[in-house]
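Our numbering numbers the first residue of the sequence shown as 29 and each following residue consecutively.
We put the beta carbon where it would ideally sit given N, CA and C, even for glycine.
As the structure is a computational prediction, the values presented were derived from the model and not from experiment.
As structure tokens, the structure follows; a few thoughts come after it.
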Amino acid sequence: QQVGGNTVTTGQNLERPADFPDDVSLYPGLRILAVSDTPAGRMLQGQSDDDTAAVAAHLREQMKTQGWDDESLPATAGAPMTSLRFVKSDRTVSINLIGTGAQTQVQMLLQTGG
């Protein structure tokens with residue numbers, strides 16, 4: 029559907045988009061709830077049943093394995109959100125992890141170009 033000029037797909041457990049780059053790691057078991065194509069890039073939103081620390085550690089390890097440079101700022105103790113940033117060539121992946129009890133809300137934005 030079109031929302032404010034953006035293409036948005038929502039659901040309870042969407043598939044990884046076929047054209048989403050294979051070298052961008054998704055957390056195992058992530059339930060994708062929305063995929064948006066925006067002027068800023070492609071956004072995935074989802075939810076994991078694991079805590080924020082586990083999700084962050086896994087994504088950091090897997091993105092590095094895929095050749096991404098971790099440009100994340102140090103986490104702020106007690107902050108409700110963890111932000112991660114990875115860069116590879118002309119692409120950037122920004123990830124916000126928001127803890128909601130034992131679960132984690134995941135917002136991932138893939139941007140291409142300078």
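- In this structure, Gln139 sits near Thr120, with a CB-CB distance shorter than 9 Å.
- Close CB contacts of Gln73 within its chain, under the 6 Å cut and outside five residues either way in sequence, are with Leu61, Ala62, Gln135 (chain order).
- Straight-line spacing of the CA atoms in Leu112 and Glu99 works out to 7 Å.
- Straight-line spacing of the CA atoms in Asp51 and Gln131 works out to 25 Å.
- About 14 Å separates the CB atoms of Leu125 and Met71; that is not less than 8 Å, and the two are not in contact.
- With at least 16 other beta carbons inside 10 angstroms of its own, Leu87 counts as buried.
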